[in-house]
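Engineer: The structure is given below, and queries will be raised subsequently.
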RNA sequence: GCUGGUAUGGUGUAGUUAGGCCCAUCAUGAAGCCCUCUCGAGGCUUCGACCCGGGUUCAAAUCCCGGUACUAGCACCA
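Residue numbers (the working numbering): 18 to 526.
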């Protein structure tokens, strides 16, 4: 047998590659330099961590094949998911942040209305679509019963006349009185595909183009036309849009277009965040449950950027998760672990004492004139921090949590101390036991008063946004610097409070 | 109800198209140890999975049949 194979089909004897696949799987029918992808959000709010999957997977594939990525704003709903004019800029900004470059093309569907209406006119005149005057409820009955409504048999002339009436700003149909449907067949075995609606009337003005248009395409039609117009080769979308693919495929077949390759992913939830509903967040913000789109508790990209998440870590996160159609729920710790790896090496160490307790420490028995601490313990080349010590006695601040446990403590990089917990008129007092590191006295972080500035740290505790007051080690790092607070975790320097206190936002442990 | 989709350790994921190198990969997590003057980082060790039941085969995570579970669409939202 083996000999036969050796002669006839030597390939069959070759061991298959069994190495772990790295990165994204290959795309079907993808030619180097010819791949065109698109990311198509609704600008009804800023991008969320969930959207970033679309940005990253699409741009990563574009990178793999030297292709193009289009950023397309699907803003054709003026009423239910109304566009927020500010979101266009936010989204473009976050797109660039995540991919490191501008999209190859930016399209706003609302600025392409003439194209969609022209195609609609054409498809009606070719008999592929018809105007339907049934109400949504009536048509639902027809759909369930697999029955054709009377509108379906109207002549093309009638349909074109009704189409003109839909678009008539003065005497036209009102919202809900007419839609354009694609003639797919009312006995299609999949009910979702039966004569699906392509355009409807909206009289709510659009934030970008006002009341210039009356008939607006629905997603399935707008997207179908635009993907064709832009010669998109590969669509990557949620599996909730599988029937969209099938609807659009029928239209493409009717008009002789070739449908792009399509891939799907499942729904993602993050344990700590739950889902990523922009509409839900918007109403929560309006009700005052959050301070705004960049509230650090929210999974929006503006909020995550504000906290100091790294774009590269988010990229790796999504690429590692890959493109499966499974619905998954991922703990935030997976992303945070990647993020720590991304930011740790550049994060200078600083001391932040929350709810500080001040102690008069007698240091008259020691000869040190300063305490020296590394800026980063793994990178001695980054230099050291030096805290000068005054002679005789100094005021040191420790977290009240540390003060309350009455054991001996070691001030990190300095000395073991003993605190007298009986308060005197002049406050608390303590003294140095030794400066050498002997045994394993629990280490706490601390701050001498001459190195401390008032600060607040914004962080989430049990769902509540807490502004923790404390003292931050004096430093001259600029705003935007990601630091690591000793024994607490990563945070970012954001700015100053009105009272002059330095403001920090917690990133994660 | 109709039409689809998905099932690999606690959580994700590779492997499934072309059955054997898979007593199953990598990451994350948990536990323990080492290192470290941070509850950080790093190192080492350990834990833990092929939805179920049949069948085909010398050989099945992979093929066939039958179940089960979960999930999506059936919007004049995207």
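Beta carbons: idealized from backbone N, C-alpha and C, even for Gly.
#1: Which residues mark the beginning and the end of the alpha helix (DSSP H) in which residue 353 is found?
#2: Can you give the Cα-Cα distance for residue 108 and residue 263, rounded to whole angstroms?
#3: Report yes if the C-beta distance between residue 477 and residue 319 is below 8 Å; otherwise report no.
#4: Enumerate in chain order the residues of its own chain whose CB-to-CB distance from residue 234 is below 6 Å, with the five nearest sequence positions on each side excluded.
#5: What three-state label does DSSP hand residue 144 in the structure shown?
#6: Taking just the CA atoms, how far does residue 460 sit from residue 508?
#7: So does the stretch 339-358 actually touch the stretch 429-445, counting three or more Cβ pairs closer than 8 Å?
#8: Give the DSSP-derived three-state secondary structure of residue 552 in the structure shown.
#9: Per DSSP, what kind of secondary structure is residue 293 in: helix, strand or coil?
#10: I need the straight-line Cα distance from residue 168 to residue 289, nearest angstrom please.
#11: Compare the beta carbon distance of residue 44 and residue 251 with 8 Å and say whether it is the shorter of the two.
#12: In its own chain, which residues sit with a C-beta less than 8 Å from the C-beta of residue 141, not counting the 5 before and 5 after it?
#13: Using only the alpha-carbon positions, how far apart do residue 292 and residue 68 sit?
#14: Around the C-beta of residue 504, are 16 or more other C-beta atoms found within 10 angstroms, so that it is buried, or is it exposed?
#15: Considering just the uninterrupted stretch of the beta strand (DSSP E) at residue 188, what are its terminal residues?
#16: If you pair each beta-carbon of the stretch 357-373 with each one of the stretch 388-399, do three or more pairs fall below 8 Å?
#17: How big is the Cα-Cα spacing for residue 128 and residue 218?
#18: Rounded to whole angstroms, what is the Cα-Cα separation between residue 38 and residue 334?
#19: On the criterion of 16 or more Cβ atoms from any shown chain inside 10 Å, does residue 95 qualify as buried, or is it exposed?
#20: Under 8 Å between the Cβ atoms of residue 163 and residue 203?
#21: Between which two residues does the beta strand (DSSP E) containing residue 125 stretch?
#22: Indicate whether residue 465 and residue 413 have their beta-carbon atoms separated by less than 8 Å.
#23: Just reading off the beta strand (DSSP E) that residue 246 is part of, what are its end residues?
#24: What is the rounded straight-line gap between the Cα of residue 350 and the Cα of residue 424?
#25: Measuring CA to CA, which of 492, 522, 66 is closest to residue 323?
#26: Which whole-angstrom value is the C-beta distance of residue 78 and residue 115, which I expect to be below 8 Å?
#27: Please report the distance separating the alpha-carbon of residue 388 from that of residue 491.
#28: Among 86, 137, 273, 184, which residue has its Cα nearest to the Cα of residue 122?
#29: Taking the alpha helix (DSSP H) that residue 153 falls in, what are its first and last residues?
#30: Apart from the five residues on each side of it in sequence, which residues of its chain come closer than 7 Å, Cβ to Cβ, to residue 511?
#31: Can you have a look at residue 346 and say buried or exposed, based on whether 16 or more other CB atoms are within 10 angstroms of its CB?
#32: Starting from residue 249, follow the beta strand (DSSP E) in both directions and report where the run begins and ends.
#33: Looking at the unbroken beta strand (DSSP E) that takes in residue 437, where does it start and where does it end?
#34: Judging by CA-CA distance, which residue of 42, 46, 513 is the nearest neighbour of residue 276?
#35: Whole angstroms are fine: how far does the CA of residue 265 sit from the CA of residue 237?
#36: Going straight from the alpha carbon of residue 555 to that of residue 311, what length do you get?
Structural biologist: On the basis of the data shown:
#1: Segment 349-360, the alpha helix (DSSP H) holding residue 353.
#2: Computed Cα separation, rounded: 29 Å.
#3: Residue 477 is not a Cβ neighbour of residue 319, given a cutoff of 8 Å.
#4: Answer for residue 234: 93, 133, 216, listed in chain order.
#5: Coil.
#6: The straight-line gap separating the alpha-carbon atoms of residue 508 and residue 460 is approximately 21 Å.
#7: Fewer than three Cβ pairs drawn from the stretch 339-358 and the stretch 429-445 lie within less than 8 Å of each other, which leaves the two stretches out of contact.
#8: For the chain, the structure presents residues 18 to 526; residue 552 sits outside this window and is missing.
#9: The DSSP-derived three-state label of residue 293 is coil.
#10: Going from the Cα of residue 168 to the Cα of residue 289 covers about 50 Å.
#11: Yes; because the gap between Cβ atoms is below 8 Å, this pair is in contact.
#12: Close CB contacts of residue 141 within its chain, under the 8 Å cut and outside five residues either way in sequence, are with 147, 148, 173, 176, 177, 180, 197 (chain order).
#13: Taking the straight line joining both Cα atoms gives about 11 Å.
#14: Residue 504 is exposed by the Cβ-count criterion.
#15: Careful: residue 188 lies outside any beta strand (DSSP E) and carries neither H nor E.
#16: Contact holds: three or more Cβ-Cβ distances are below 8 Å.
#17: Approximately 17 Å between the Cα atoms of the pair.
#18: Answer to the nearest angstrom: the Cα atoms are 16 Å apart.
#19: Around the Cβ of residue 95, a 10 Å sphere holds 16 or more other Cβ atoms; the residue is buried.
#20: By the CB criterion at 8 Å, residue 163 and residue 203 fall inside the cutoff.
#21: Looking at the DSSP string, the run of the beta strand (DSSP E) that includes residue 125 is 122-125.
#22: In terms of Cβ geometry, residue 465 and residue 413 form a close pair [threshold 8 Å].
#23: Residue 246 -> not in any beta strand (DSSP E); alpha helix (DSSP H) instead, spanning 236-246.
#24: Using only the alpha carbons, I get a separation of about 33 Å.
#25: Looking only at 492, 522, 66, the smallest Cα-Cα distance to residue 323 is reached by 522.
#26: With a contact defined as Cβ atoms closer than 8 Å, residue 78 and residue 115 miss out at about 14 Å.
#27: For residue 388 and residue 491, the gap between their C-alpha atoms comes out near 14 Å.
#28: Comparing alpha-carbon positions, the option among 86, 137, 273, 184 lying closest to residue 122 turns out to be 86.
#29: Counting along the chain, the alpha helix (DSSP H) containing residue 153 begins and ends at 153-162.
#30: Closer than 7 Å at Cβ, skipping near neighbours: 496, 520, 521, 522.
#31: Exposed.
#32: Note, residue 249: premise wrong, no beta strand (DSSP E); not H, not E.
#33: Counting along the chain, residue 437 sits inside the beta strand (DSSP E) bounded by residues 432-441.
#34: For the residues 42, 46, 513, the minimum Cα distance to residue 276 belongs to 46.
#35: When rounded, the distance between both Cα atoms is 7 Å.
#36: The shown model of the chain, from 18 to 526, leaves out residue 555, and the question about it has no answer.
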